[in-house]
Every structure is written in C-alpha cells, then in structure tokens.
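Novice: Numbering (the UniProt record's numbering), first residue to last: 1 to 789.
Pasting a structure below so you can have a look.
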C-alpha cells in the first residue's frame, strides 16, 4: 500500500491512531481523545465485560455499525468479552464472519488493525473444536490476505499465525513459516526462542511428536526452556486427549522446575478429553445408527478407565479445588453416556452431594451445568409413560441450580431439549444422534412418544427472551419429526426464515432426513424444500450428506426420476463415482492409507446401491454398479454386502435363486476370513462343503446370517437350515435371528414333518434367541407346551 492507513490501537480511555505506509511497518502515533458518546459506549462495554453480558455487547456494537460510529476500540472490547466468557458459538461465529465475509465490509481502520486481529484469531481458536471449525480456516485466509506478510513485523501476529496453522493441522505450513522467519533478514529482530516456543505449541496441536521434542531440547540447551512453555505444551496435549504425552511433559516440568506446583489437573484433563474423543468416535460409528454406544469389546476404553482409576487413587485426598471436581464430573457423566450400567449417573451426583461438601468445595455454575447435561443425556432410565424420566430428573437439578443462585441460560435449554429426545420402548433413544434415516439399523415400525412438555419448555424459553439457536432448533425439529408431528415441524422450519437463523446445509440435511421417515413428507420435501435449498444455497456448495438425505426421501417416496437426478449429482461431486475414475485406490506404501481409501471408495457407492436396490424401477442398475466397483477394484464393506444380499433376495431379475444367494454368502464369508482372520467352518462334511462364518459375530455378520437362513427357508431346504442352526449353536451363546425368520423355520419344520429337528429347535434354540418381546415369549411357551421334547 502506498497511501497512509489509519490504524487505531487497543482500547484505552484515550485512543492512539497509527498511520503507516504499509501494514505492519512505520507506525506514527497521534493521540485522539474519544467523543463523549464514544467514551460512554466504551464504559458500557467495560461494564458488559465485567458481568459477561455477550448479547448486550453485541447489540451495542451492531447499533454502532448501523450508525457508522463503530470504532476499532469497540470491536476489540467486544472480542475480549467473547474470549473471556463461556463460548457462545453462534454469536462468536457471527462476529468472526465480519472479518472474512464480503457481506460485512469493515472500515479499513478496523480490518487492518493487527491488535484487533489478535483477538479475532484467538476467537477462531475457540471456534476450531466446534461445528464452526471452517471459521478458523476462513479467518486465517482473511488475515494472510489483509496483511502484507513480507513486511509484517509484529511478533505476536506471527506467533498467533503459527498457532492457527497448528490448530488447522497444517504441519507443512508451520515448517515453511519457521524456515522463512529464521532465514530471511527482515525478520532478524524476532527472537529465535520466541519462534521456537510458538512452533513447539503449533506442532503439538498437529501431533508432531518429534518436532516438539526437538524444539524443546533446543530451547533447553540454550537456556530458554521455561516452566510456562512446558505447562502450555502439556496443556495442549491434555486438551487433545493425549494421555502419554501429557504425562511426559508434566513429569519433565516437575523435574526441571520442582517448585512449579503442577499437579494432577492436566493429567485429569487429558483423561477427560481422551474419553470425550472416544465418545465422539462411538457417536459416529454407533450412535448415528441408533445403537447403544458401548461396544461389545473395547480394550482402549478399558485401559483408559483403568488409567483414570489409578490417577484417582494416586491423588486421593489431594483433589481439593472446584476445577478438579468439575473435571471429575465431566469424566463420570461422559462415561455414563457410554456405559450407564458400569458408571451410573449417581456416581457423578455423589461428587456434588457428598465429596464436595466434605472438602469444603462449593459448586459453581459449571458444576451444575455439567450435572444437568449428565442427567439430560443419560440412557440409564426407561420411560414407562409419555413423560421423559430423564427430563424429570434434569428439572430437579435445574431447580437446585436456581436455588444456588445460577439461573437458566441458553445452554441449560440445550440440555432440557436433549432430555426430550424421543424414547422407543425396547429400542431406547434411537434419535439421540440422528444423522441420516438410512443409517438407522432398526426399522421404525412404531413412532416413539413425544413428551408434550417440550412445547412448554419452548414457551418458557421464548418468554425469557432466549431465542432458538442452531442447537435448540435442531433438537426441536428432531423431536417433532421423529415422533411424526410433521405439521409442527414444518411450522418451525418456515419460522426459521423470520428468526434470522440461517438455514444452512446441515439444517437442510436434518429436515430431509426427518422427512424421509414418511412417504408423504418425503414427497413434500422433494417438491418444496428442495426448491428452497436451490434458492438459498448455491449448487456447488450442497454437501454430499445433504444429497444423501434427499436420496433417502426419493427412496421413501419411491420417486425413481428424482433419485436418478440426485445420483447424477452425487456422481458429479464425488470423483470415485465418476466414470473417468479407473481405480479408487491411490498408490501408497502405507497400508493404513490404502484401507482408508478403500473404505471411503466403498462408502461412496453405498447410497447409490441402496437407492437402486430399494426402488424397483432402478433395480437393473445394481449389477451395473457392482461391475463398476469390480472394475475399480473396490472391496465391499458390510453395508454393501447387506445390500447385495437383500437385492438377491428381493429381485427376480438378479437371479434370486439359492445358488446366487449361496455364492454371495460364500464370498462374504471368505472376505471376512481374508480381512479379519476369522476362519470359516464347514456346515457339512459331505459335498457340497458350505463355509460358514465362525464366531463371535458382529451386527453385520448377524444380519447376513439371518438373510441367509431366511433364503434357505424360502428355498424349503429344511436339512440345510438345521445344519446351519446347529453350527450357530456351537459358535455363539445368543442366537440372533429375527422373529419372522424363526417363525418361518418353525413353519417349514412342521410342513416337512421334521419332528426331531422341531423338538430340538423349540426346546434348545428358542430360549436362546436374543430378540424376544412379550408376545413372542408367550408364543415360545405355547410351542414348548405342545411340542414334545
């Protein structure tokens, strides 16, 4: 820039204006005293910061924007309020967008002020772990586009930029930037130790162990390794959930600085973060499918719990502050969400009711909110009526919180709305982590009940002048759609336009997914909502999962023409699905990369195969898709095996005879052996020898076996049916066949007059069935009373 630019400094009662010939250089200070009105605004913002009034500060600055009187001091004060109070995601994302979106042109003296940008980048750091993580990326791009990096001389700006690259996981950019700052002469004034310290923190965020260790050793040799940096590195690893690395740097800090006083808190944070990370992985792998979060076997989870127990035992009697108690609460409530039997919510409640009073620790707002969300999201309680038991218990905690002087805010309503998640007897909270209807493993034969108090909660929230945010509206829409209250769901969807809350691609995905649970709603969504989507979000910005949700609607509504259009769009968006893609697996010497690439390639085909298999008019496309996968050497995953097996059972044009089904089942069994080392066992010793999966069985295994047995029943091969059942009996304690399949086996055995096999089935196998409701249990009792042993 060749012209002078006015750059006001940080907020002070009397501000300083800086002009420069180039951003970041040649600053000249001119004292400028704010006007009386500005001074009043600064004082009001200072008061808002003292009490943490984020909404008030935002309203004040927005009014100043409208009047063209907003100064960089006001922006800086607002940003400091946001950075010093509990994270308000929506408000923070809005303010962040002012600094990168062309829809919010800022005055040059604000946009070009690096002091303001320091606060902006720190705000981005807070947004990075949330669903608004793209804001961090956009802010970095805007920062590097605003300032001339070739002449930027501000040390803190470089340090924050390094941290930003670390948070974004850009290891190469960190290395490139460090090389530039340590070799080019214009940056000679920056202390090497300063850069090394920031680089170590940045590398820690990317999980680059060796680089961190090398820098720490270098700082140590030069006498520049201070206690504060070691604590920051340990803290960075702690919040990433890296227990061993946190332990290493805690021990190093205590060794080099025995008086540092660093205690178990960072190690507790690491364990808590590791558990939360594991919880999120379970949500993605199991929760979205409507399954209980606890896996059948998890050495990783067991080891983490054992390490936590050892840490608690080691520090017994030493955990004596509110921070540590709150971490314990977060750990126990998260553990409860994963395994409510081993970690009942009462364990967390005892910390508040017994441990804290015994140690003279008074619960703070964080304590009550953690316990509140613990009760609101536990799967420990069953609903015997239309009312949510966990909402009852959450309201008790909210009342205690109010008595303690902490009043309900938006985050509390987040918890209460979560407590209203629909409950289906025998199936649990299927929609707790609802993502796509096609991912649910349980067929929705009956709609769950809706606790009517959710409407009262909404009214109370609105009366308290707390508007819906993205979290509450998603929870409300999910509760209404899952329970079939579509009129109320669409009403709130339309009101979103008037509320100022953006209907982004994620919300569109949710509304299509909920609509796909019902044929009539699916038709409406594809004819009306799909057009709204095209008007509000540009074609190229519609993400894959939103398209998949629309495809689910097309399947439910049986609309082959629309399904074909959506499949075409998925093909255009995903290179794996394009006809020009000859292979899905890139050359790689890393076997983990190859497996990941294969998995991603197979997942790309799942929605296409599912749709074509489920819509009769498109059934002929299934063999074409499978041949396409074969030509690209894409290995089937569990979802594809189930779709192929189901397709063979349902569509005559695919050759639905026992030979094609047997061939599919054999191929599945052999791939299972190749990938997992599960050695097949022969069902029969005589020819033809039929390989059968050995136990233990996964959900996919059980589904494939059930379909195979059902096909044998349809083929009326009673001999092979019972050979399979006898093999299963030896491999698993529980027999996982559907009630419909079992009824078919009973009918076939009676029809074929196989009395010996029928007696064995009724008295030995039926009691071991895992899927039994009260009606089915009565049917079994009747059979056992009428069929001789």
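Quick reminder that beta carbons are idealized off the backbone N, C-alpha and C, glycines included.
What's the gap between the Cα of residue 576 and the Cα of residue 621?
Specialist: Roughly 17 Å separates the two Cα atoms.
Novice: Threshold first: 3 residues or longer. Then list the beta strand (DSSP E) segments lying entirely within the region 48 to 73, N to C.
Specialist: Segments of the beta strand (DSSP E) lying fully in the region 48 to 73: there are none.
Novice: Does the region 677 to 691 come close enough to the region 722 to 732 that 3 or more CB-CB pairs lie under 8 Å?
Specialist: Cβ pair count under 8 Å is three or more, so yes.
Novice: Rounded to the nearest angstrom, what separates residue 228 and residue 174 at their Cα positions?
Specialist: Each residue's alpha carbon lies about 21 Å from the other.
Novice: My parser needs the beta strand (DSSP E) runs of 3 or more residues fully inside the region 410 to 481; what are they?
Specialist: List check, beta strand (DSSP E) in window: nothing returned.
Novice: Compute the Euclidean distance between the alpha carbons of residue 89 and residue 673, then round it to the nearest angstrom.
Specialist: Those two C-alpha atoms are separated by around 47 Å.
Novice: Mind pulling the alpha helix (DSSP H) runs of 4 or more residues that sit fully within the region 152 to 200?
Specialist: DSSP runs (the alpha helix (DSSP H)) wholly in the region 152 to 200: 155 to 167 and 171 to 183.
Novice: What three-state label does DSSP hand residue 788 in the structure shown?
Specialist: In the structure shown, residue 788 sits in coil (DSSP, three-state: anything other than H, G, I, E or B).
Novice: For residue 359, count the other beta carbons within 10 Å of its own beta carbon; 16 or more makes it buried, fewer makes it exposed. Which is it?
Specialist: Result: exposed.
Novice: What span of residues does the alpha helix (DSSP H) with residue 559 cover, start to end?
Specialist: Where residue 559 is concerned, there is no enclosing alpha helix (DSSP H), given that its DSSP letter is neither H nor E.
Novice: Measuring only the C-alpha atoms, how far is residue 623 from residue 736?
Specialist: Approximately 29 Å between the Cα atoms of the pair.
Novice: Within 10 angstroms of its Cβ, does residue 104 collect 16 or more other Cβ (buried), or is it exposed?
Specialist: With fewer than 16 Cβ atoms within 10 Å of its Cβ, residue 104 is classed as exposed.
Novice: For residue 234, report the span of its alpha helix (DSSP H) as first-last.
Specialist: Here the alpha helix (DSSP H) through residue 234 covers 227 to 240.
Novice: Classify residue 785 as buried or exposed, calling it buried when 16 or more other Cβ atoms lie within 10 Å of its own Cβ.
Specialist: By the 10 Å Cβ count, residue 785 comes out exposed.
Novice: Helix, strand or coil, according to DSSP, for residue 769 in the structure here?
Specialist: Residue 769 falls in the strand class under three-state DSSP.
Novice: Which same chain residues, not among the five before or five after residue 282, have their C-beta less than 6 Å away from its C-beta?
Specialist: The residues are 293.
Novice: Which complete alpha helix (DSSP H) runs does the region 646 to 723 hold, if anything under 4 residues is left out?
Specialist: Correct list: 658 to 676 and 699 to 714.
Novice: Identify every residue that forms a DSSP beta bridge with residue 351.
Specialist: Partner(s): none; residue 351 has no beta bridge.
Novice: Does DSSP put residue 735 in a helix, a strand or coil?
Specialist: DSSP places residue 735 in strand when its eight states are reduced to three.
Novice: By Cβ distance, which residues of its chain are closer than 7 Å to residue 119, with the 5 residues on each side in sequence left out?
Specialist: Taken in chain order, the residues that qualify are 76, 79, 80 and 83.
Novice: Quick check: the Cα distance between residue 136 and residue 95, rounded to an integer number of angstroms?
Specialist: The alpha-carbon atoms of residue 136 and residue 95 are separated by roughly 12 Å.
Novice: Given a threshold of 16 other Cβ atoms within 10 Å of its Cβ, counted over all protein chains shown, does residue 677 qualify as buried or as exposed?
Specialist: The residue is exposed, with fewer than 16 neighbouring Cβ atoms inside 10 Å.
Novice: Are there 16 or more other CB atoms within 10 angstroms of the CB of residue 494, so buried, or fewer, so exposed?
Specialist: The residue in question, residue 494, is exposed, as its Cβ has fewer than 16 Cβ neighbours within 10 Å.
Novice: How would you label residue 757, buried or exposed, when you count the other beta carbons within 10 angstroms and need 16 or more for buried?
Specialist: Flag for residue 757 reads buried.
Novice: What's the gap between the Cα of residue 159 and the Cα of residue 189?
Specialist: Going from the Cα of residue 159 to the Cα of residue 189 covers about 14 Å.
Novice: Determine contact between the region 313 to 332 and the region 355 to 375, defined as no fewer than three beta-carbon pairs at a distance below 8 Å.
Specialist: Yes, the region 313 to 332 is in contact with the region 355 to 375.
Novice: If you measure between the beta carbons of residue 219 and residue 197, is that distance less than 9 Å?
Specialist: Yes. Within cutoff.
Novice: What is the DSSP secondary structure of residue 85, reduced to helix, strand or coil?
Specialist: Residue 85: coil per DSSP, three-state reduction.
Novice: Please classify residue 752: does DSSP put it in a helix, a strand, or coil?
Specialist: Reduced to three states, the DSSP call for residue 752 is coil.
Novice: Three-state secondary structure (DSSP) at residue 517?
Specialist: Here residue 517 sits in coil by DSSP.
Novice: Starting from residue 306, trace the alpha helix (DSSP H) in both directions and tell me its first and last residue.
Specialist: Element bounds for residue 306: 299 to 314.
Novice: Going by C-alpha distance, which of 740, 446 and 266 is nearest residue 423?
Specialist: When only C-alpha atoms are compared, the closest one is 446.
Novice: When you compare the CB positions of residue 514 and residue 476, do they come within less than 9 Å of one another, or not?
Specialist: The answer is no: Cβ separation not under 9 Å.
Novice: Taking just the CA atoms, how far does residue 52 sit from residue 156?
Specialist: The straight-line gap from Cα to Cα measures roughly 26 Å.
Novice: Can you say whether residue 509 is buried or exposed, counting buried as having 16 or more other CB atoms within 10 angstroms of its CB?
Specialist: Classification of residue 509: buried, given that the 10 Å Cβ count is 16 or more.
Novice: Identify the continuous alpha helix (DSSP H) that holds residue 362 and give its terminal residues.
Specialist: Here residue 362 belongs to no alpha helix (DSSP H), and DSSP marks it neither H nor E.
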